[in-house]
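Following: one structure in structure tokens, then a few remarks.
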Amino acid sequence: MSTDTLPVYTKKDFQTDQDVRWCPGCGDYAILSAAQAVFPELGIPREKFVIVSGIGCSSRFPYYMNTYGFHGIHGRAPAIATGIKITRPDLEVWVATGDGDSLSIGGNHTIHMLRRNVGIKVLLFNNRIYGLTKGQYSPTSEFGKKTKSTPYGSPDRPFYPLSLALGADATFVARSVDVFQPHLKTTLKRAAAHRGSAFIEIMQNCNIFNDGAWESLTEKEVREDHIIAIEHGKPLVFGKNKDKGIRMNGIELEVVQLGNGVTENDVIIHDEKNHNPAYAFLLSRMDSTPGFPTPIGVLRAVEAVRYEDRIAEQIREVTAKHGKGDLAKLLRQGDTWEVK
Amino acid sequence: MGTITQSPPRKIREVIEKAVIRFCGDSGDGMQVTGTQFSNTVALYGNDLATFPDYPAEIRAPAGTLPGVSGFQIHFGSTEVYTPGDAVDALVAMNPAALKMNLADLKKNGTLIVNADDFQPADLKKAQMASSPLEDHTLDAYRLFPVELTKLTGAALKELGLDAKSVDRCKNFFALGMCYWLYNRSMDSTFRWIEDKFKTKPLLIEANKLAMKAGYAYCEATEAFQVSYEIPPAKLEPGVYRSISGNTALALGFVAASQKAGIPLFLGSYPITPASDVLHELSKFKDFGVKTFQAEDEIAAVTSAIGAAYSGALGITTTSGPGMALKTEALGLAVAVELPLVVCNIQRGGPSTGLPTKTEQADLLQALYGRNSEAPLPVLAAATPGDCFWIALEASRIALKYMVPVIVLSDGYLANGAEPWRIPNVSELPEIPVHFATNPEGFLPYSRDPDTLARPWAIPGTPGLEHRVGGIEKQDGTGNLNYEPLNHEKMCRLRAAKVEAVAQEIPDVVPAGDPEGDLLIVGWGSTYGSITAALKAQRAMGRKIGHVHLRYLNPLPKNLGNVLKKYKKVLVPEMNMGQLLVLLRAKYLVDAQGYDKIQGKPFKQAELEAKIEEVLA
């Protein structure tokens, strides 16, 4: 279909007639709304979208998007999506998943999908809790967190989802926040434009089982000091007064106060295209050190061969060399003999 | 050329009907290659045959030890051959360990060729032998040919300047050459194979050919070998034949299904013995548009195939028992989303890791019931290596027609065993019509075809048919999430009725042998050959016996209940602890009795005959 015959979509075209069954006040509504706003603007026919999910609150997402949708089983969305994308590279395949779904039960599929660079966009709804099973700690819950299954505090060290994705050599790694609508929409658009796996962690609030999951970062009063919105080619500067920067010190990052001879020229200019994932890796976990902000935006965006393209290419190459397969010949390949 | 001063010794050539030969040695001795070459050669000559490769799970157990012994048995004849043979006529043993593990199966007065170079004290110790069997009269009952295979091969290749290790690796071809002489077979097809296999290493082509020719000439020249055997071609159904293993047949069957259906083939698979060869085969067929995905695990293998099926491909996945266990949840999903999928379980000994390289058929009840809740699906089982081709086609046809996941059961014995296979013409293959939904008007993702109860296949990319599927219970018709009690019962019954509807197409069973009588043998899977051979022998003695071999295990053929009633007794031999037996007794209230063997090995004809005689005594 050429773009000039593409219908003009509105948000409504991507809404279904199904009642949304998330708890009132859930951060998932904001993510749904952002996706429904962004999809019509991508210039892609609606029937080309497939949204695949696993199990959990976030995985109900496909039912509310008027596209093709596949609500799978716990943790397996990346594998289902991989089968779809290999079969039909022309489709626009998105995965909606949660921290338990993608990082615990489905961790293996997540890292291998990213490693292969299958052209799938992953929306990781990270609320640091198991919501649908009513309040157990998740692989992103804080160390020591008290939940239904950890009455004396979680003994687990949490994952940094972006570090994990970068460790799997993901080609597009980004983070946004449910309540930062313009930022979230921009990030979704960037992911949509990326050829290859795109991994977006969306910090999302679960107002029932982990209310205020990200409050210490996202509250209006502290936001500027605790979050740094990074952009390609721009200096890593943050703070209410834009007076703090992040600088390399050996192989570590450090927060510096601008002024007194320290200028924007001394801080890191963000380079999302850096092929060495080590730089993005440093960013992805700098907030583990007190005083560092949490980065949002695109940490890494590099080009690599798409898995499904290479598979299709091999088929083209072999077919060009040997011609299209002939079934009768195939059945008779090798040594044969005739009985009369 | 010098003049011939001495005429070769006069040799006798005996015409016989059948022979069983077994090559055995260390896993590093190339016994599987040797056996495969011998079977291809007798197949090309026109003999009927059955083979039984038997190898350890370890790639290379310590050389010369008992756990490292690998074997390959070939039964070939001028009349029908149903099994790899009970007892061996000619045994080639490359070392003492191989001799020790295999001697019990050699017939008295049978031909025994051993590598005499490998019976040194150290070799005997590795095989836990106190004295050399070549000297202590334990082999007096056999026609023993101690041949210095290592030395003779070395002598034959000495001009080539190869290293000692490479020379040693040619001795299996010396032994193969001897066997070609012994059974009057041409070395041509193995020559061709050697040329192809070592095409980048001309020296190895030369070495292997020389070794084989030397083995052949050795038998011709030495006085020890006085008799060779001739087994004329078998009278098989006219046609063009090839030798085929079960795994190759499965792979070809799926390519054929994809071609007949006009949709691409997608295989999601994770390597596992003895199923990996299907992945290897299919990964070659890029010119047929086949997409193979070596997944990160068994679960990704099946779920990627479900994703492929959702997108309009013929989605398949191949595995063995432990992998099947991991795919269980995804099979339930495939049942719920009602997508076409074919899952092949190449069974092996279990439980758990069990006997990876040995055969068993103990996953039948897993195939039928191994999912949470009510999740029925059709189950088919191949009876012979060649039948794997037809079962792959039939499973694909059913999956696509009824929009249902189908399980195919094969096993290690069928997977690796080979038989002559009449190559069908493409026009003989069944049509597999596929219809994708395209009309948005009144489209409901869970509406149903009145005959098959199949739901429409509406693939992504089709304008106006956007819809959602998933594992949560759905409302009939709309496919919307639905938790209502009566809807759930309706959906469970609909999914079951759809599977039952497949029975409308399953041909009635027609017993082999007597249509009624004293005993009906009911089998499934790879026991087909042994049961057929036993049946033939027992009927020749005047016993009234019939044999039904089930290729469809769910649903069962409609007339099976009536057939069971036509015999006084029913015997169900299985390589498990009585799984089909439980089904038959439960479903038909028939007092059938089981005969179980769980040794990782197929039934011998003699074992089955003894059981038949016991039951009818």
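Chains A and B are the protein sequences, given in the same order.
In case it helps, the numbering used here puts the first sequence at residues 1 to 340.
In case it helps, the numbering used here puts the second sequence at residues 341 to 957.
Each residue gets a CB set at the ideal place from its N, CA and C atoms; glycine is no exception.
Spell out the partners DSSP gives residue i in its beta bridges.
i, result
"Met248(A)", "Leu253(A)"
"Val237(A)", "Gly245(A)"
"Gln136(A)", "Tyr130(A)"
"Cys206(A)", "Asn210(A)"
"Trp22(A)", "Beta-bridge pairing links Trp22(A) to no other residue."
Using a Cβ-Cβ cut-off of 8 Å, state whether residue i counts as contacting chain D.
i, result
"Asn820(B)", "The structure shown contains no chain D; its protein chains are A and B."
Please classify residue i as buried or exposed, where buried requires at least 16 neighbouring CB atoms within 10 angstroms.
i, result
"Ile571(B)", "buried"
"Val173(A)", "buried"
"Asn712(B)", "exposed"
"Phe39(A)", "buried"
"Glu264(A)", "exposed"
"Arg582(B)", "buried"
"Lys340(A)", "exposed"
"Arg46(A)", "buried"
"Arg60(A)", "buried"
"Gly323(A)", "exposed"
"Gly501(B)", "exposed"
In its own chain, which residues sit with a C-beta less than 6 Å from the C-beta of residue i, not counting the 5 before and 5 after it?
i, result
"Val360(B)", "His415, Gly425, Val428, Asp429"
"Ser623(B)", "Thr632"
"Leu217(A)", "His226, Ile227, Thr294"
"Phe628(B)", "Val595"
"Ala755(B)", "Gly586, Asn587, Pro614, Ile686"
"Gly25(A)", "Asn207"
Kindly indicate if chain B contains any beta-carbon less than 8 Å away from that of residue i.
i, result
"Asn66(A)", "yes"
"Ala168(A)", "no"
"Ile84(A)", "yes"
"Ser2(A)", "Unreliable placement is indicated for Ser2(A), whose pLDDT of 49 sits below 50; the coordinate value is still reported in the next sentence. Not one chain B Cβ lies under 8 Å of Ser2(A)."
"Tyr63(A)", "yes"
"Arg285(A)", "no"
"Ala37(A)", "no"
"Arg306(A)", "no"
"Glu338(A)", "yes"
Taking C-alpha atoms, which residue in the options lies nearest to residue i?
i, options, result
"Gln933(B)", "Ser660(B), Lys908(B), Ala496(B), Cys684(B)", "Lys908(B)"
"Gly250(A)", "Leu132(A), Leu282(A), Lys48(A)", "Leu282(A)"
"Val682(B)", "Met527(B), Ala702(B), Glu954(B), Leu654(B)", "Leu654(B)"
"Ser33(A)", "Gly323(A), Tyr64(A), Ser104(A)", "Tyr64(A)"
"Gln181(A)", "Ser163(A), Gly196(A), Ile202(A)", "Ile202(A)"
"Ser141(A)", "Ile296(A), Ser284(A), Asp101(A), Phe159(A)", "Phe159(A)"
"Ser736(B)", "Leu769(B), Gly757(B), Gly726(B), Met552(B)", "Leu769(B)"
"Ala843(B)", "Ala852(B), Tyr868(B), Thr818(B), Leu896(B)", "Leu896(B)"
"Asp169(A)", "Gln136(A), Lys329(A), Gln18(A), Arg300(A)", "Arg300(A)"
So, does the CB of residue i fall closer than 8 Å to a CB anywhere in chain A?
i, result
"Lys927(B)", "no"
"Leu592(B)", "yes"
"Thr490(B)", "no"
"Phe625(B)", "yes"
"Gln599(B)", "yes"
"Thr643(B)", "yes"
"Gly652(B)", "yes"
"Phe606(B)", "yes"
"Asp637(B)", "yes"
"Arg596(B)", "The question names Arg, yet the displayed sequence has Ala at residue 596(B). It does: the Cβ of Ala596(B) has a partner Cβ on chain A nearer than 8 Å."
"Ile812(B)", "yes"
Can you give me the Cβ contacts of residue i inside the same chain, cut-off strictly under 7 Å, excluding the 5 residues immediately before and after it?
i, result
"Gln566(B)", "Lys351, Ile352"
"Cys559(B)", "Met518, Trp521, Leu522, Phe565"
"Asp287(A)", "Pro293, Thr294"
"Ser2(A)", "With a pLDDT of 49 at Ser2(A), under the threshold of 50, the predicted position of this residue should be treated as unreliable, though the coordinate-derived value follows. Within the same chain, Ser2(A) has no close Cβ partners at all."
"Gly83(A)", "none"
Leaving out five residues on either side along the sequence, give the residues of the same chain with a beta carbon under 8 Å from the beta carbon of residue i.
i, result
"Gln372(B)", "Pro393, Tyr395, Ser410, Phe412"
"Ile356(B)", "Tyr569, Glu570, Ile571"
"Met341(B)", "Residue confidence is low: Met341(B) scores 39 on pLDDT, short of 50, so the model does not pin down where it sits. Its coordinate-derived value is still stated next. Contacts found: none."
"Gly672(B)", "Arg711, Asn712, Ser713, Ala715, Gly811"
"Thr10(A)", "Pro40"
"Lys234(A)", "Ile269, His270"
"Ala547(B)", "Leu497, Leu500, Leu502, Ser506, Val507, Cys510"
Can you determine whether any heavy atom of the ligand ATP sits closer than 7 Å to the C-beta of residue i, and answer yes or no?
i, result
"Asn455(B)", "Here there are no bound small molecules, and the ligand ATP is not part of this structure."
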